[in-house]
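Undergrad: Chain order of the listed sequences is A and B. Take the first sequence: its position 445, counted from the start at 1, is 444 in numbering that gives the first Met the number 0, and no numbers get skipped. Take the second sequence: its position 71, counted from the start at 1, is 70 in numbering that gives the first Met the number 0, and no numbers get skipped. No residue lacks a Cβ here, since even glycine has one placed at the ideal position from N, Cα and C. As the structure is a computational prediction, the values presented were derived from the model and not from experiment. Structure below; questions to follow.
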Amino acid sequence: MATAPLPSRSLLAPAQQSHPRLPASLRICLSHHKQPPTGPKRHRRAVISHPAFSAAARGRAKKIPIADTDEPAAGVRVTDRGLSYRLDGAPFEFQYSYTEAPRARPVALREAPFLPFGPEATPRPWTGRKPLPKSRKELPEFDSFVLPPPGKKGVKPVQSPGPFLSGMEPRCQSVSREDILGEPLTKEEVSELVKGSLKSKRQLNMGRDGLTHNMLENIHSHWKRKRVCKIKCKGVCTVDMDNICQQLEEKVGGKVIHRQGGVIFLFRGRNYNYRTRPCFPLMLWKPVAPVYPHLVTKVPGGLTPDEATEMRMRGRQLPPICKLGKNGVYANLVKQVREAFEACDLVRVDCSGLNKSDCRKIGAKLKDLVPCILLSFEFEHILMWRGSDWKSSLPPLEENSFEVTKVQESFSGKESNEEVTHSGNVLTQIELVSVATSHKNCNLGEGQEKFKDSIASDTVLNSAKEVPALFHSTGISRTEPSADTPLEYSPLKPVCDIMDPSLKCQSIPTNNTENRGLTEKSEHSPDGYNLETKRKRNDGIKGTVLNSGSKVPSYIEGLLCLLEQAIDSGRALVLSEDELVDSDLVYEKSVAFTKSIPRSLVFEHTQRKSSARRNGPDNHASVKKHLVENKLSSSHVEKKCIANGGSAMQTNDHAQEFLSDVVPQGTLRVDELAKLLA
Amino acid sequence: MSLLATATPTTSSHFSAPLLPFHMPRRNLTAQVHRIRRSRLVTVVASVPDPAAGPVEYTPWLIAGLGNPGNKYYGTRHNVGFEMVDRIAGEEGITMNTIQSKSLLGIGSIGDVPVLVVKPQSYMNYSGEAIGPLAAYYQVPLRHILLIYDDMSLPNGVLRLQKKGGHGRHNGLQNVIENLDGRREFPRLSIGIGNPPGKMDPRAFLLQKFSSEERVQVDAALEQGMDAVRTLVLKGFSGSTERFNLVQKYKFHRV
Chain A
0 MATAPLPSRS LLAPAQQSHP RLPASLRICL SHHKQPPTGP KRHRRAVISH PAFSAAARGR
60 AKKIPIADTD EPAAGVRVTD RGLSYRLDGA PFEFQYSYTE APRARPVALR EAPFLPFGPE
120 ATPRPWTGRK PLPKSRKELP EFDSFVLPPP GKKGVKPVQS PGPFLSGMEP RCQSVSREDI
180 LGEPLTKEEV SELVKGSLKS KRQLNMGRDG LTHNMLENIH SHWKRKRVCK IKCKGVCTVD
240 MDNICQQLEE KVGGKVIHRQ GGVIFLFRGR NYNYRTRPCF PLMLWKPVAP VYPHLVTKVP
300 GGLTPDEATE MRMRGRQLPP ICKLGKNGVY ANLVKQVREA FEACDLVRVD CSGLNKSDCR
360 KIGAKLKDLV PCILLSFEFE HILMWRGSDW KSSLPPLEEN SFEVTKVQES FSGKESNEEV
420 THSGNVLTQI ELVSVATSHK NCNLGEGQEK FKDSIASDTV LNSAKEVPAL FHSTGISRTE
480 PSADTPLEYS PLKPVCDIMD PSLKCQSIPT NNTENRGLTE KSEHSPDGYN LETKRKRNDG
540 IKGTVLNSGS KVPSYIEGLL CLLEQAIDSG RALVLSEDEL VDSDLVYEKS VAFTKSIPRS
600 LVFEHTQRKS SARRNGPDNH ASVKKHLVEN KLSSSHVEKK CIANGGSAMQ TNDHAQEFLS
660 DVVPQGTLRV DELAKLLA
Chain B
0 MSLLATATPT TSSHFSAPLL PFHMPRRNLT AQVHRIRRSR LVTVVASVPD PAAGPVEYTP
60 WLIAGLGNPG NKYYGTRHNV GFEMVDRIAG EEGITMNTIQ SKSLLGIGSI GDVPVLVVKP
120 QSYMNYSGEA IGPLAAYYQV PLRHILLIYD DMSLPNGVLR LQKKGGHGRH NGLQNVIENL
180 DGRREFPRLS IGIGNPPGKM DPRAFLLQKF SSEERVQVDA ALEQGMDAVR TLVLKGFSGS
240 TERFNLVQKY KFHRV
């Protein structure tokens, strides 16, 4: 909108004489200077020798201190948000940019303040062209509710007002904002509107100046023809998308219905009428930005110069948390910086490739939004410090072990983490570790056996306790932590010593290998008794734990049951201790084994490529069938059926969910299923 | 990692004291000098036994690590999944001695929750054929299949626990997703291995072994991952998972 001094024959006298001062409510129609040059080009020196045009004035950067007076000079006010202009009759104070004005009070101005809304207010002579004479033709007022008939030719497309809910008639004479907006939009209406405008080519671009004053008028002109205005924001302004949306809704009066990355969809309102829209005078000049206080001070907030220098030096080695691309969307930047502050007090953001002023602007915004202190802009990076009075926004840690350890390890290495975990873990680990140190197979089998027995024996034991207790006892009675066990298992010793006297170590026969026979029935009752005592002891030592009920053992038991069956049926093979050491051997064995098992067993559960992505009604049927037959503890065949439930992507979500709880997605098709069930 | 949720009681503080000296020497694996910067809790606090006890649910978990079998691929970048799973099995005392459905597996429990620890012995690109039928056989629901694998999109040694996601051009994951009927809603633990430098062939990068510094970082990561897996199995996805991810993301952002 700024006019360059165009050489032109018909020069106007200085601007103050050309137009009377127009009231703000009238639209100012100034012509765009797109007229073809009249006649051959004439090169002219600037005819008018006004001091404003002298080279000296152009070169020197002036700094006018802000007058301390309260009365605004010609409606220009210097506020905490930069310059703002007040005109009579205006609904709010105008600013050059409503979102990008830095939230700091300007220190000085670079030129005398003026109202940029018309040529009459500028202290410079008007060197532009004379505006075009207004057309004599009487153009009808554009009323949104009076649409041209649909068949009419030569008319630009206009969207009718709405969308109107059934039963509500359009209100033509709405003035207030809520009236124009009408009822809140329903979800379907929103999705419909958004879908229609997602791919539209008409869009407004918002760049480093954010929501400028003239953009308000642009939005209205978009709304003249379409219900939804699509605004694409790129670059600096995207750092604070929320503010943009809020300012848009306030100043322009529409409603943001959808926000996607840097794109905003602005709905005009159900009863919007272009005729009765608020008209603002256009800003014809871009006012020069005032001088703001420095972003980066030598010694920022509360630090000594040494500390500041030290931080800056540290910052030079810090890896940046992210790299900003030029004109990208930085919507997540604030969040990322806040998160990074949880981890470290200095944060560095890579801004290479951006304009220098963009970099500064982003820094200024970050300073306000993430409250932080800017330390330096060296090497095209922004270095920030979180400030001495920074509070973590993470919720307070009730369970101090996990989070504390997690946080701590990020600072203090793994040591404290290990301590905490091990102290917390000690008994479980030891118990289970004791299993590992002994003959693994036997132990596992035995332990589980005992498990089953004790359940059968109907003791009201804390079953969860049992398992570790059992393992523990077997471990202690059988093994010493051998010399070759890694150091981590050595804590077993002190705990063993403490635990040992409290336990009655029973002599459990060691040579119980794969024998899953219940030879331990004989030991059952002493076991039970021992377990009782152990439990009491354990409770005493370990503290109270809730009884997890009898569900737990059955699940482990279920798995083991399945495993047994697999081994029995020949699907699974158990390797011995020495074979496990060499992974090559393991691989070879597994290959050999897989090749040797009968195909019926193998292909039961593998996917058939043909039915891999099958969708549709046949799966429905299979799903429903399985609903009927869903049981956990079922026979082999049934298990097969269950496992072969319908494949994914059911429309029957309920069944899906239910199934997915119990049954993994299987692969057989309906006809196979029918064969099985028949 | 908190043991509060496990039924096994958390220790009283007098246990922790004798343990400290045992653990200190072993844990000098951190790459960076530990600095206790925050004024938050530094001491080992005896955690209060959580009255809410038991794990979230007792449905069994299937923890599968993706990798290539054999000694040739032992310790390579693509095999971090195997390493993690080996560690889990070791720490929870689960022996992996059964071969079923082209994989090596072991059954045990973390706390109260039954757990199936699996290392597919089919090569990486066919891991799905091993894991899918296994999950079907043992009736493990989709949301309880935890896949552990290497991730080139994360920096070296950074872990991330996700509830669901895509495959990120990881052939093993792709195969698993394919074999689970295209379902992607299974949790995963991705272990970062960093980008291949310059124009190095990604496949060559994946089959390289770790450098010494990276090895150190990865070992640290495995430790942290161990706790994360425990919490996940016992408590499911919760705020602590987000916090874990956050901490992991910024754990190298320190000077």
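Looking at residue 212/A and residue 282/A, is the spacing between their C-beta atoms short of 7 Å?
TA: Mapped onto the first sequence, residue 282/A falls at position 283. Mapped onto the first sequence, residue 212/A falls at position 213. In this structure, residue 212/A lies closer than 7 Å to residue 282/A by Cβ.
Undergrad: Name the chain E residues whose beta carbon is nearer than 9 Å to that of residue 593/A?
TA: You won't find chain E in this structure, because its protein chains are A and B.
Undergrad: If you measure beta-carbon to beta-carbon, which residues of the stretch 177 to 190 of chain B are closer than 9 Å to chain A?
TA: 177, 178, 179, 180, 181, 182 and 184
Undergrad: How would you label residue 172/A, buried or exposed, when you count the other beta carbons within 10 angstroms and need 16 or more for buried?
TA: Translated into positions along the first sequence, residue 172/A becomes position 173. With fewer than 16 Cβ atoms within 10 Å of its Cβ, residue 172/A is classed as exposed.
Undergrad: Quick one: Cα of residue 170/B to Cα of residue 89/B, how far?
TA: Position 171 of the second sequence, counted from the start, is the residue given in the question as residue 170/B. Position 90 of the second sequence, counted from the start, is the residue given in the question as residue 89/B. Spanning the two alpha carbons is a distance of roughly 27 Å.
Undergrad: With 16 other CB atoms within 10 Å as the buried threshold, where does residue 185/A fall?
TA: To locate residue 185/A, count along the first sequence from 1; it is residue 186. By the neighbour-count rule (16 or more Cβ atoms within 10 Å), residue 185/A is not buried but exposed.
Undergrad: Please list the residues of the stretch 239 to 250 of chain B that have a C-beta atom closer than 9 Å to any C-beta atom in chain A, keeping them in chain order.
TA: 239, 242, 243, 245, 246, 247, 248, 249 and 250
Undergrad: If you reduce the DSSP assignment to three classes, tell me which class residue 263/B lands in.
TA: It is not possible to answer for residue 263/B, since the shown part of chain B is limited to 0 through 254.
Undergrad: Which same chain residues end up closer than 6 Å to residue 189/A when comparing Cβ atoms and leaving out the 5 residues on each side of it in sequence?
TA: The sequence position of residue 189/A within the first sequence is 190, counting from 1. Cβ neighbours of residue 189/A beyond the five flanking positions: 256.
Undergrad: Beta-carbon separation of residue 373/A and residue 323/A under 7 Å?
TA: Translated into the one-based positions of the first sequence, residue 373/A becomes position 374. Translated into the one-based positions of the first sequence, residue 323/A becomes position 324. Cβ distance not < 7 Å, so residue 373/A and residue 323/A don't count as in contact.
Undergrad: With respect to the beta strand (DSSP E) encompassing residue 204/A, which residues constitute its N-terminal and C-terminal limits?
TA: Your numbering for residue 204/A matches position 205 in the first sequence. Element bounds for residue 204/A: 203 to 205.
Undergrad: Between the stretch 208 to 218 of chain B and the stretch 174 to 184 of chain B, do at least 3 Cβ pairs fall closer than 8 Å?
TA: no
Undergrad: Listing by chain order, which chain A residues have their CB less than 8 Å from the CB of residue 252/B?
TA: Here residue 252/B is taken as the residue at index 253 of the second sequence, counted from 1. Simply 317, 318, 320, 339, 342, 343 and 346.
Undergrad: For chain B, check one thing: does any of its Cβ atoms lie closer than 7 Å to the Cβ of residue 570/A?
TA: Numbered from 1 along the first sequence, position 571 holds the residue referred to as residue 570/A. Yes, contact with chain B.
Undergrad: Between residue 108/B and chain A, is the shortest Cβ-Cβ distance under 7 Å, so that the two count as touching?
TA: Here residue 108/B refers to the residue found at position 109 of the second sequence. Judged by the 7 Å Cβ criterion, residue 108/B is in contact with chain A.
Undergrad: Going by the beta-carbon positions, is the gap between residue 119/B and residue 106/B smaller than 7 Å?
TA: Counting from one through the second sequence, the residue named residue 119/B turns up at place 120. Counting from one through the second sequence, the residue named residue 106/B turns up at place 107. Their beta carbons are not under 7 Å apart, which means residue 119/B does not touch residue 106/B by this criterion.
Undergrad: On the DSSP bridge assignment, give the partners of residue 384/A in chain order.
TA: As a first step, residue 384/A must be located in the first sequence, where it is residue number 385. According to DSSP, which records beta bridges pairwise, residue 384/A is partnered with 345/A and 372/A.
Undergrad: Please determine, among 196/A, 566/A, 225/A and 258/A, the residue with the shortest C-alpha to C-alpha distance to residue 245/A.
TA: For this step, residue 245/A is matched to residue 246 along the first sequence. Comparing Cα positions, the closest option is 258/A.
Undergrad: Can you tell me whether DSSP reads residue 237/A as helix, strand or coil?
TA: As a position in the first sequence, residue 237/A is number 238, starting the count at 1. Residue state, collapsed to three classes: helix.
Undergrad: Do we get a CB-CB distance below 7 Å when we pair residue 331/B with the residues of chain A?
TA: Residue 331/B lies beyond the range of chain B shown here (0 to 254); nothing can be said about it.
Undergrad: When the distance is taken between beta carbons, is residue 76/B closer than 7 Å to residue 147/B?
TA: Walking along the second sequence from the start, residue 147/B turns up at place 148. Walking along the second sequence from the start, residue 76/B turns up at place 77. Contact flag unset, no.
Undergrad: Answer yes or no: do residue 238/A and residue 264/A have a C-beta to C-beta separation smaller than 7 Å?
TA: Locating residue 238/A in the first sequence gives position 239, counting from the first residue. Locating residue 264/A in the first sequence gives position 265, counting from the first residue. No, they are not a contact pair.
Undergrad: Of the choices 225/A, 199/A, 191/A and 183/A, whose alpha-carbon is the least far from that of residue 157/A?
TA: One-based indexing of the first sequence puts residue 157/A at position 158. The residue with the shortest Cα to Cα distance from residue 157/A is 225/A.
Undergrad: Quick one: list the residues of chain B neighbouring residue 588/A, beta-carbon separation under 7 Å, in chain order.
TA: As a first step, residue 588/A is located in the first sequence; it is residue number 589 there, counting from the start. Those are 98, listed as they occur along chain B.
Undergrad: Let's see if you can read the secondary structure: which residues bound the alpha helix (DSSP H) around residue 226/B?
TA: As a working mapping, residue 226/B is identified with position 227 in the second sequence. Segment 211 to 234, the alpha helix (DSSP H) holding residue 226/B.
Undergrad: Around the Cβ of residue 364/A, are there at least 16 other Cβ atoms within 10 angstroms (buried) or fewer (exposed)?
TA: As a working note, residue 364/A is residue 365 in the first sequence. Around the beta-carbon of residue 364/A, 16 or more other beta-carbon atoms lie within 10 Å, marking it buried.
Undergrad: Does DSSP put residue 132/B in a helix, in a strand, or in coil?
TA: Along the second sequence, read from residue 1 onward, the residue named residue 132/B stands at position 133. DSSP places residue 132/B in helix when its eight states are reduced to three.
Undergrad: Measure the alpha-carbon distance for residue 235/A versus residue 205/A and round it to whole angstroms.
TA: As a working mapping, residue 235/A is identified with position 236 in the first sequence. As a working mapping, residue 205/A is identified with position 206 in the first sequence. Going by the C-alpha atoms only, they are around 9 Å apart.
Undergrad: Are the C-beta of residue 124/B and some C-beta of chain A separated by less than 7 Å?
TA: Position 125 of the second sequence, counting from 1, holds the residue named residue 124/B. Chain A, which has no Cβ nearer than 7 Å to the Cβ of residue 124/B, makes this no.
Undergrad: Give me the Cβ distance between residue 61/B and residue 139/B, rounded to the nearest whole Å; I'm assuming they're in contact under 8 Å.
TA: Position 62 of the second sequence, counted from the start, is the residue given in the question as residue 61/B. Position 140 of the second sequence, counted from the start, is the residue given in the question as residue 139/B. Contact flag correct, Cβ pair sits at about 4 Å.
Undergrad: What three-state label does DSSP hand residue 183/B in the structure shown?
TA: Sequence index remark: in the second sequence, residue 183/B carries index 184 (1-based). Looking at residue 183/B - three-state DSSP - the assignment turns out to be coil, as it is neither helix nor strand.
Undergrad: Our contact map puts residue 165/B next to residue 183/B with C-beta atoms below 8 Å; I'd like the distance itself, whole angstroms only.
TA: For this step, residue 165/B is matched to residue 166 along the second sequence. For this step, residue 183/B is matched to residue 184 along the second sequence. With a Cβ gap of about 6 Å, residue 165/B and residue 183/B count as contacting.
Undergrad: Identify whether residue 293/A lies in helix, strand or coil by the three-state DSSP scheme.
TA: To locate residue 293/A, count along the first sequence from 1; it is residue 294. Coil at residue 293/A, not helix or strand.
Undergrad: Quick one: list the residues of chain B neighbouring residue 165/A, beta-carbon separation under 8 Å, in chain order.
TA: Against the first sequence, residue 165/A aligns to sequence position 166. Here the premise fails: no neighbours, minimum Cβ distance about 39 Å.
Undergrad: Check whether the Cβ atoms of residue 359/A and residue 371/A sit closer than 7 Å, and answer yes or no.
TA: On the first sequence, residue 359/A is found 360 positions in, with the first residue counted as 1. On the first sequence, residue 371/A is found 372 positions in, with the first residue counted as 1. Result no, Cβ atoms of residue 359/A and residue 371/A do not sit closer than 7 Å.
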